[in-house]
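The listed protein sequences correspond, in order, to chains A and B. Going by full-length UniProt numbering, the first residue of the first sequence is number 1, and it counts up by one from there. Going by full-length UniProt numbering, the first residue of the second sequence is number 1, and it counts up by one from there. C-beta atoms are modelled at their ideal positions from N, C-alpha and C, and glycine is treated no differently. Just so you know, these numbers come straight off a predicted model, no measurement behind them. Before any comments, here is the structure.
There are 2 protein chains.
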Amino acid sequence: MALEPDQTSVDSITLFVALLCSCIVIGHLLEKNRWFNESITALAIGLCSGIIILLTTEGKRSHILVFNEELFFIYLLPPIIFNAGFQVKKKQFFRNFAMIILFGAVGTLISFVIVSIGTMQLFKKLDIGFLDIGDYLALGAIFSATDSVCTLQVLNQDETPLLYSIVFGEGVVNDATSIVLFNAIQKFDLSHITSRIFIEFIGNFLYFFITSTLLGVGVGLISAYIIKKLYIGRHSTDREVALMILMAYLSYMMAELFNLSSILTVFFCGIVMSHYTWHNVTESSRITTKHAFATLSFISEIFIFLYVGMDALDIEKWKVVSKSPGTSAGVSSILLGLVLVGRAASVFPLSFISNLFKRSESDKFTLKQQVTIWWAGLMRGSVSVALAYNQFTRSGHTQLRGNSIMITSTITVVLFSTVVFGLMTKPLIRLLLPSKHLCGGVSSGSFDSFPSKLMTDLPLIANGDAEVGGNNIPRPTSLRMLLATPTRTVHYYWRKFDDSVMRPMFGGRGFVPHVPGSPTEPLLH
Amino acid sequence: MALEPDQTSVDSITLFVALLCSCIVIGHLLEKNRWFNESITALAIGLCSGIIILLTTEGKRSHILVFNEELFFIYLLPPIIFNAGFQVKKKQFFRNFAMIILFGAVGTLISFVIVSIGTMQLFKKLDIGFLDIGDYLALGAIFSATDSVCTLQVLNQDETPLLYSIVFGEGVVNDATSIVLFNAIQKFDLSHITSRIFIEFIGNFLYFFITSTLLGVGVGLISAYIIKKLYIGRHSTDREVALMILMAYLSYMMAELFNLSSILTVFFCGIVMSHYTWHNVTESSRITTKHAFATLSFISEIFIFLYVGMDALDIEKWKVVSKSPGTSAGVSSILLGLVLVGRAASVFPLSFISNLFKRSESDKFTLKQQVTIWWAGLMRGSVSVALAYNQFTRSGHTQLRGNSIMITSTITVVLFSTVVFGLMTKPLIRLLLPSKHLCGGVSSGSFDSFPSKLMTDLPLIANGDAEVGGNNIPRPTSLRMLLATPTRTVHYYWRKFDDSVMRPMFGGRGFVPHVPGSPTEPLLH
Numbered sequence: 001m002a003l004e005p006d007q008t009s010v011d012s013i014t015l016f017v018a019l020l021c022s023c024i025v026i027g028h029l030l031e032k033n034r035w036f037n038e039s040i041t042a043l044a045i046g047l048c049s050g051i052i053i054l055l056t057t058e059g060k061r062s063h064i065l066v067f068n069e070e071l072f073f074i075y076l077l078p079p080i081i082f083n084a085g086f087q088v089k090k091k092q093f094f095r096n097f098a099m100i101i102l103f104g105a106v107g108t109l110i111s112f113v114i115v116s117i118g119t120m121q122l123f124k125k126l127d128i129g130f131l132d133i134g135d136y137l138a139l140g141a142i143f144s145a146t147d148s149v150c151t152l153q154v155l156n157q158d159e160t161p162l163l164y165s166i167v168f169g170e171g172v173v174n175d176a177t178s179i180v181l182f183n184a185i186q187k188f189d190l191s192h193i194t195s196r197i198f199i200e201f202i203g204n205f206l207y208f209f210i211t212s213t214l215l216g217v218g219v220g221l222i223s224a225y226i227i228k229k230l231y232i233g234r235h236s237t238d239r240e241v242a243l244m245i246l247m248a249y250l251s252y253m254m255a256e257l258f259n260l261s262s263i264l265t266v267f268f269c270g271i272v273m274s275h276y277t278w279h280n281v282t283e284s285s286r287i288t289t290k291h292a293f294a295t296l297s298f299i300s301e302i303f304i305f306l307y308v309g310m311d312a313l314d315i316e317k318w319k320v321v322s323k324s325p326g327t328s329a330g331v332s333s334i335l336l337g338l339v340l341v342g343r344a345a346s347v348f349p350l351s352f353i354s355n356l357f358k359r360s361e362s363d364k365f366t367l368k369q370q371v372t373i374w375w376a377g378l379m380r381g382s383v384s385v386a387l388a389y390n391q392f393t394r395s396g397h398t399q400l401r402g403n404s405i406m407i408t409s410t411i412t413v414v415l416f417s418t419v420v421f422g423l424m425t426k427p428l429i430r431l432l433l434p435s436k437h438l439c440g441g442v443s444s445g446s447f448d449s450f451p452s453k454l455m456t457d458l459p460l461i462a463n464g465d466a467e468v469g470g471n472n473i474p475r476p477t478s479l480r481m482l483l484a485t486p487t488r489t490v491h492y493y494w495r496k497f498d499d500s501v502m503r504p505m506f507g508g509r510g511f512v513p514h515v516p517g518s519p520t521e522p523l524l525h
Numbered sequence: 001m002a003l004e005p006d007q008t009s010v011d012s013i014t015l016f017v018a019l020l021c022s023c024i025v026i027g028h029l030l031e032k033n034r035w036f037n038e039s040i041t042a043l044a045i046g047l048c049s050g051i052i053i054l055l056t057t058e059g060k061r062s063h064i065l066v067f068n069e070e071l072f073f074i075y076l077l078p079p080i081i082f083n084a085g086f087q088v089k090k091k092q093f094f095r096n097f098a099m100i101i102l103f104g105a106v107g108t109l110i111s112f113v114i115v116s117i118g119t120m121q122l123f124k125k126l127d128i129g130f131l132d133i134g135d136y137l138a139l140g141a142i143f144s145a146t147d148s149v150c151t152l153q154v155l156n157q158d159e160t161p162l163l164y165s166i167v168f169g170e171g172v173v174n175d176a177t178s179i180v181l182f183n184a185i186q187k188f189d190l191s192h193i194t195s196r197i198f199i200e201f202i203g204n205f206l207y208f209f210i211t212s213t214l215l216g217v218g219v220g221l222i223s224a225y226i227i228k229k230l231y232i233g234r235h236s237t238d239r240e241v242a243l244m245i246l247m248a249y250l251s252y253m254m255a256e257l258f259n260l261s262s263i264l265t266v267f268f269c270g271i272v273m274s275h276y277t278w279h280n281v282t283e284s285s286r287i288t289t290k291h292a293f294a295t296l297s298f299i300s301e302i303f304i305f306l307y308v309g310m311d312a313l314d315i316e317k318w319k320v321v322s323k324s325p326g327t328s329a330g331v332s333s334i335l336l337g338l339v340l341v342g343r344a345a346s347v348f349p350l351s352f353i354s355n356l357f358k359r360s361e362s363d364k365f366t367l368k369q370q371v372t373i374w375w376a377g378l379m380r381g382s383v384s385v386a387l388a389y390n391q392f393t394r395s396g397h398t399q400l401r402g403n404s405i406m407i408t409s410t411i412t413v414v415l416f417s418t419v420v421f422g423l424m425t426k427p428l429i430r431l432l433l434p435s436k437h438l439c440g441g442v443s444s445g446s447f448d449s450f451p452s453k454l455m456t457d458l459p460l461i462a463n464g465d466a467e468v469g470g471n472n473i474p475r476p477t478s479l480r481m482l483l484a485t486p487t488r489t490v491h492y493y494w495r496k497f498d499d500s501v502m503r504p505m506f507g508g509r510g511f512v513p514h515v516p517g518s519p520t521e522p523l524l525h
């Protein structure tokens, strides 16, 4: 057919889409099995097809698409992060905001320092190519980005809401922190660190954090305002959905354009959109956006895992490494060890500190809960792979010895942690947090229990809101009160501000006249 | 920010997404205006931003993305065509199947012959560069691809169901026919046409048509079977939606891979999916897929029109043309004239023929209806532009004199027909088919009145089905009956087969146990 310019790209896309379909079907079939999940399935299928491609091309190549950072950061990551913000239980998230920031930002910094210093000290003994200080710091950032999808699939949001929101929120903040750190490292000249450069680095980091958040909130509010003012819902569900998708993506691309942290921007854009914009649209738009965003995120996730599995067998990189398998195995083991230690060094002390601030015994983290949080952050995933490719390859190929060892070690760590640690997650959590409803099964273990929970819990949240805004919590009237329960007080004043200023302007639950406008309603009633 | 490899692509994507958002908002604001529609708005915004970019880059370039056929045929076209199949009123479509094929396939062939011969004769008198026979035939195919979006926006599906289904169905079949013709032309050596080559050509054409249809139907049925057998719905809405999207896309890519007509394949895949698969999923999946597919199609359409508007000012092409503005204007006028004549030569005779076969006077096409059908196919759109780029550019640039005249003329014809003919459509149809509810307004003129109509009409279709399958039509018991009302008889036996074999196997309305599984239901009840 003469129309397509490139037959190989058609081949690759067809094969890749077919593999994605098979991942979904096989993942579904294996769902009842308590050891497996979609990520591991996709990795396994990726590995298998890598082997098959390797055999059919007689060892020339194992992947069908060259790893493309642009693809990853411009197309695959935004839906995942946006959906995370869009589906997060906002009340839980903001209630535990301080703790999430503590674990997500401070914890990541601790892990970053430990991995950086650890590699600097331990790699000296191994015969690997030249790595400069920037490379070591980049390794710290790369191996501080956790992938908590596995754990979230087995944690029950209703039974352990605090644990769930901490693991979830930390995962997002942690990804953002790692990427911001990584960017800062690549930007700054780190060959001679002075205190001035260090302060500049911290300032830059905070500037990134705050402006990115503000941009995301801003774009989210604009979308809410436009949809509320124009009453687009009265006319067209498709137009509303299109506008929400495009505005969300716009926030991400604007952050990229202004050199901000696009991951944070789109996350907060998602939160604002689900708090305001989502309530301004028709009911069919609500259902559509909720599931369409979750689906896009789901496809992106499988895509990434499938890709990582396929790329793991890239022959070019292993050729360089195979001359010294011992070195490579050593590097991988050191990295895995540092990941375990770094995570422990952040979770247990930080839990201890946060326990000090809690007066009620039941609010404190038990050792078992601490172990769960520690375990939840041991897996390394696609963000690590993408960052490693960025740091250690220049044109997608890896000829330098040191660089290819780093790439293969990253892949080894990601595969090992996802598969081995991932497979152990369900049994471990079952052991640590025994519960009737916890493991596997239809209601709690399914991949999208997450968004569906959000929906079934809507009345619950509504009750909760009334509770917070109205009766159960004593009104904070003094400064003493603010000091005693800072988060709750901030939350109280935020709700007052939200009700009196924000919602009347941007819409939100109960502040927008009911818009039926949806021809699907008769179908459902 | 070090992460993105290419700052210009971030610039372009951001600007493009921002423009898409503004198209939606401005299109919404102009909706009450009876002259405008989203296509014209997108074209106008594209032209304006083209001018601004031209001024800011000091005349160097006018577009932010180079026209990319791969982008068009691999990413933008599939959602539009799939959605067309998914949302089509199947009963109307199949009832008028013979007439749709008559107008869509035979009509396109007539128009193709007239444009090809016309250009061959008339271009000789103009001083344009060398064009060979393949170029003339390609022009015939390029200018036979109509764009009936404008007309569909103002036709009322409920008041003129026959007219609507003919214009709509013809639009799809016509696009497919043009693309199949175009491919056949590029593939065959046309410098010496013998009768053997001609027969081969016809055979190839039929082979394309039938295998493409079968592939689409096959993939659609597989998706229905998988979802029905695995009861995926019980577990996950996202997984179902993801599977439907991926399988639909897979059918398109497989057709590309096997050198078939991907446009036909994905269209029939859409029809089968809406007939079987759609009934096997949960209610929230139904709402989500319906609106998500419509939204994707909507975004792709605006994207294309915005792009065509922006590309219209590409300075490189106009530089070559500006040396002989008279020639270029002549070519454009000839092409426009041939489009008008070719369309007339296919619509009026074919209407006459189809009227001969109708016994009831009320079923026959009146002159006013014939003029409406004629007018509906005068607009030329993105398919023409994409085909013209394919034929007359090799690397996206146009240095050859003849080629650049053809490209600029194509753009002129597309702009002129979309804007001038498009603006005249609403008043003209109001004049030809006077009706209380017809023009503009909230209910009928909106861009997605189309899918929403589908939903409100569901009970109607159900009644209609009962009517066809059961009581009103006498059971055809003899061959005489079959000859008298062939379409209805075929439809009757198809329904029997569907009810006894297909639906029990692949699911469908009433053949799948009710799957609540949707946590959104409580929200809606």
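Is it true that the CB of residue j sits closer than 8 Å to the CB of residue i?
| i | j | result |
| --- | --- | --- |
| B:Ala-184 | B:Asn-204 | yes |
| residue 526 of chain B | B:Leu-433 | Only positions 1 to 525 of chain B appear in the structure, and residue 526 of chain B is not among them; the question remains open. |
| A:Met-254 | A:Phe-86 | no |
| A:Phe-267 | A:Ala-84 | yes |
| B:Val-241 | B:Ala-292 | yes |
| A:Gln-391 | A:Asp-135 | yes |
| B:Leu-137 | B:Phe-209 | no |
| B:Val-17 | A:Leu-260 | no |
| B:Thr-418 | B:Leu-30 | no |
| A:Thr-41 | A:Ile-26 | yes |
| B:Leu-19 | B:Leu-313 | no |
| A:Phe-506 | A:Leu-243 | no |
Assuming residue i and residue j are in contact, meaning their beta carbons sit under 8 Å apart, how far apart are those beta carbons, in whole angstroms?
| i | j | result |
| --- | --- | --- |
| B:Pro-79 | B:Leu-296 | 4 Å |
| A:Leu-308 | A:Gly-46 | A small fix is needed here, since residue 308 of chain A is Val in this sequence, not Leu. Right, the Cβ-Cβ distance comes to about 7 Å (below 8 Å), so this counts as a contact. |
| B:Ser-384 | B:Thr-412 | In fact, because the Cβ distance is near 11 Å, the residues do not count as touching under 8 Å. |
| B:Val-106 | B:Leu-350 | 6 Å |
Let me know if residue i comes out buried or exposed under the rule of 16 or more other beta-carbons within 10 Å of its beta-carbon.
| i | result |
| --- | --- |
| B:Asp-238 | buried |
| B:Arg-286 | buried |
| B:Phe-357 | exposed |
| B:Glu-200 | exposed |
| B:Arg-359 | exposed |
| B:Thr-57 | exposed |
| B:Thr-288 | buried |
| A:Gly-326 | exposed |
| A:Gln-121 | exposed |
Compute every distance between the C-beta of residue i and the non-hydrogen atoms of the ligand FAD, then say whether any falls below 7 Å.
| i | result |
| --- | --- |
| A:Val-272 | With respect to small molecules bound, the structure shown includes none, and the ligand FAD cannot be examined in it. |
Hey, which unbroken runs of the alpha helix (DSSP H) at 4 residues or more fall wholly within the stretch 198–259 of chain A? 237–257
Closer than 8 Å is the cut-off here; do at least three beta carbon pairs connect the stretch 274–288 of chain B with the stretch 275–282 of chain A? no
Report yes or no: do three or more beta-carbon pairs, one from the stretch 377–396 of chain B and one from the stretch 322–333 of chain B, lie closer than 8 Å? no
Are the stretch 373–380 of chain A and the stretch 124–140 of chain A touching by the rule of at least three beta carbon pairs closer than 8 Å? no
Give a yes or no on contact between the stretch 103–119 of chain B and the stretch 340–350 of chain B, applying the rule of three or more CB pairs nearer than 8 Å. yes
Entirely within the stretch 362–391 of chain A and at least 4 residues each: give me those alpha helix (DSSP H) ranges in chain order. 367–376
Along the chain, which unbroken stretches of the alpha helix (DSSP H) at least 4 residues long are found entirely within the stretch 59–140 of chain B? List check, alpha helix (DSSP H) in window: 77–87, 90–95, 97–101 and 107–122.
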